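Q: Offset between the sequence shown (1-based) and the numbering used here: plus 4.
Where is the CB? At the ideal position from N, CA and C, for every residue including glycine.
Please read all numbers here as calculations on a predicted model, not as lab measurements.
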Amino acid sequence: MAAVLKDQLKLVFGRTWTETFIDNNPLWIQNGVYGFWPFHGGRGWASFPSGHASVISAPMAVLWSRVRSLRWLWGACVVIVATGLFGADYHFSSDILAGILLGIFCAAVTLVLIERQESRAPLQAK
5 MAAVLKDQLK
15 LVFGRTWTET
25 FIDNNPLWIQ
35 NGVYGFWPFH
45 GGRGWASFPS
55 GHASVISAPM
65 AVLWSRVRSL
75 RWLWGACVVI
85 VATGLFGADY
95 HFSSDILAGI
105 LLGIFCAAVT
115 LVLIERQESR
125 APLQAK
């Protein structure tokens, strides 16, 4: 779900990247280009929200809720990815934050669906 939604939101927002190494995109670091161009389309206008952050935070948030004894691990996975994205100048911090929030939203929807399914399941006789 997060993978599909982030692609749609990238098109809606149309934000340029901080720095990339493909397609000679307009970049903040190299060209001073900064901003949002809604519905522009194209790989050069797809920084917001961070796809990596959303795709890692969605399953980690589900696991955070379902496997509580390993919360430190689920949180560490998100922090490591977010730090790498920021440290490599791949995203603005708001791109990463928006990606994490999108992942958490998708996880919340997933958890509601899981709980509904579990509440409908017939009880097993022991």
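Quick one: what does DSSP say Phe17 is sitting in, helix, strand or coil?
A: helix
Q: On a Cα-Cα basis, can you pick out the residue from Cys81, Gly79 and Ile100 that is closest to Phe90?
A: Ile100
Q: Give the DSSP bridge partners of Leu31, in chain order.
A: Trp21
Q: Give the single residue among Phe96, Phe109, Ile104 and Leu106 whose Cα lies nearest to the Cα of Glu23.
A: Phe96
Q: Could you tell me which residues DSSP pairs with Phe40 in its beta bridges?
A: Phe40 is bridged to Arg19.
Q: To the nearest angstrom, how far is it from the Cα of Trp68 to the Cα of Ser61?
A: One C-alpha to the other measures close to 10 angstroms.
Q: Using C-beta distances below 8 angstroms, list every residue in its chain close to Val113, excluding the 5 sequence neighbours before and after it, in chain order.
A: Met5
Q: Check whether the Cβ atoms of Leu133 and Trp21 lie closer than 9 angstroms to each other.
A: A query on residue 133 cannot be resolved here, the shown segment of the chain reaching from 5 to 130 and no further.
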